[in-house]
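Just below is one structure, and these are the notes that go with it.
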Amino acid sequence: MTQFANNLAVVYSDLSLLAASEILAARLAVPLLELHSLSKDSQQDFYLCYRDDCLKLLDRQTLKKGGLIVEVDPRPGEQHSYPAPKKDLLAQAVGKKSKTIVDATTGWAQDSLAMFRMGYEMQCIERSPVMAALIEDGFQRLAQKDWVQTRQLQPPKLLVGNAIELLQQLSEAPDCIYVDPMFPAKRKKSALAKKAMTVLRDILGDDEDREDLFAAAWQATGKRVVVKSPDYAEPIAGKPSESYQGKLLRYDVYIK
Ligand SMILES: C[S@@+](CC[C@H](N)C(=O)[O-])C[C@H]1O[C@@H](n2cnc3c(N)ncnc32)[C@H](O)[C@@H]1O
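According to our numbering, the sequence shown is numbered sequentially starting from 27.
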């Protein structure tokens with residue numbers, strides 16, 4: 027986080043967003059800058075900005091336009107009905123009969139939100155305060171969606187901190203703990219699926235403590251731990267009980 031704090035600032039371009047931007051910059055202990063006063067040689071590579079009614083993560087290319095957000099709408103090809111059918115590899119891995127899931131590595135929350143849309147009861151954990159701010163913004167937008175309001179659904183609860191500690195404090199063991207840590211990259215950047223994940227790696231680095239995270243998840247789960255990993259990586263905790271192979275990734279399932 028320290029290294030990230032030096033590389034990140036909150037920017038604002040609209041005075042009406044100054045107060046919210048000040049609060050965010052203070053919370054993250056990063057500089058607050060005015061967008062139009064940024065010079066070419068400003069120090070940061072990444073910026074957070076309230077724009078288009080979202081909190082966005084920007085890099086130098088997207089400073090004026092674009093940026094990354096926690097996307098709360100269904101992914102391309104996913105059904106818009108609620109609950110969405112439990113038919114993909116993710117649903118098979120977490121178990122169609124599971125009810126409660128803790129996502130210990132929420133990141134851009136795309137897996138959490140896919141599971142939420144399938145009707146699983148989700149709780150989320152994220153240790154990066156920057157990602158946590160982006161997730162909170164996404165979950166606030168989720169709460170405003172018609173399909174969420176008409177069904178009186180509550181967005182997942184977000185716990186901010188290290189899952190290795192927080193998992194030990196859960197009041198009830200969930201049916202499944204889902205773990206998708208950052209593994210060292212093997213493929214060239216251009217082959218990586220999404221810019222969002224490339225940026226996450228650039229700002230946070232690999233999750234070197236993923237084996238400790240697995241151990242904590244194994245202790246805390248009621249029934250199973252699911253580890254999402256790139257297809258080239260060795261299983262994190264020896265031979266899994268089940269494995270679901272996707273295009274470039276794999277879900278290893280460890281059942282108690
Ligand atoms: C590869 S990303 C997860 C992507 C996510 N599955 C998605 O759909 O967007 C890994 C995330 O897990 C977080 N993380 C890794 N280890 C963690 C830990 N021990 N506790 C909490 N968060 C952790 C990282 O900060 C990062 O944001």
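All residues carry an ideal CB built from backbone N, CA and C; glycine is no exception.
Please read these numbers as outputs of a predicted model, since none were measured by experiment.
Nearest C-alpha to L275 among V128, A55 and A259: A259.
If you check the CB distance, V279 and S267 come in under 7 Å. When the beta-carbon positions are compared, P181 and C150 stay at least 7 Å from each other.
For T88, the shortest C-beta to heavy atom distance toward ligand 1 is 6 Å or greater. Closer than 6 Å to some heavy atom of ligand 1: that describes the Cβ of N188. Residues of the same chain with a CB within less than 6 Å of the CB of P155, apart from the 5 flanking positions on each side, are L54 in chain order. The closest CA to that of M208, considering only C202, E198 and L230, is found on L230. One Cα belongs to D172, the other to T224, and the distance between them is close to 32 Å. One Cα belongs to V56, the other to K282, and the distance between them is close to 43 Å. The beta-carbon distance between V96 and G164, rounded to whole angstroms, is 3 Å. This is short enough to meet the 8 Å contact definition. Inclusion of L116 and A189 in the CB contact set at 7 Å is not warranted, their separation being larger than that value. Apart from sequence neighbours up to five positions away, the residues of its chain that approach L59 with a beta-carbon distance below 6 Å are A35 and V37, ordered along the chain. Placement of the Cβ of E152 at a distance of less than 6 Å from at least one heavy atom of ligand 1 is found.
Shown here for P261: same chain residues with a beta carbon closer than 7 Å to its own, the five before and five after excluded, namely D278 in chain order. By the neighbour-count criterion, in which a residue is buried when 16 or more other Cβ atoms sit within 10 angstroms of its Cβ, Q70 is buried.
A distance criterion of 6 Å places the beta-carbon of P111 beyond contact range of ligand 1, judged by its closest non-hydrogen atom. Looking at the DSSP output, K82 bridges to C75.
Distances taken from the Cβ of M208 to the heavy atoms of ligand 1 include one shorter than 6 Å. By the CB criterion at 7 Å, Y204 and D129 fall inside the cutoff. I95 sits in coil when the DSSP states are folded into three classes, being neither helix nor strand. In this model, R86 and A241 are separated by some 38 Å (Cα to Cα).
Excluding the 5 residues flanking it on each side, A46 has same chain C-beta neighbours closer than 7 Å at Y76, in chain order. By the criterion of a C-beta distance shorter than 7 Å, L50 is surrounded in its chain by V36, L74 and A159, once the five residues flanking it on both sides are discounted. Our two residues, G133 and V98, have alpha carbons roughly 13 Å apart in a direct line. For the 7 Å CB-CB criterion, L185 and L192 form a contact.
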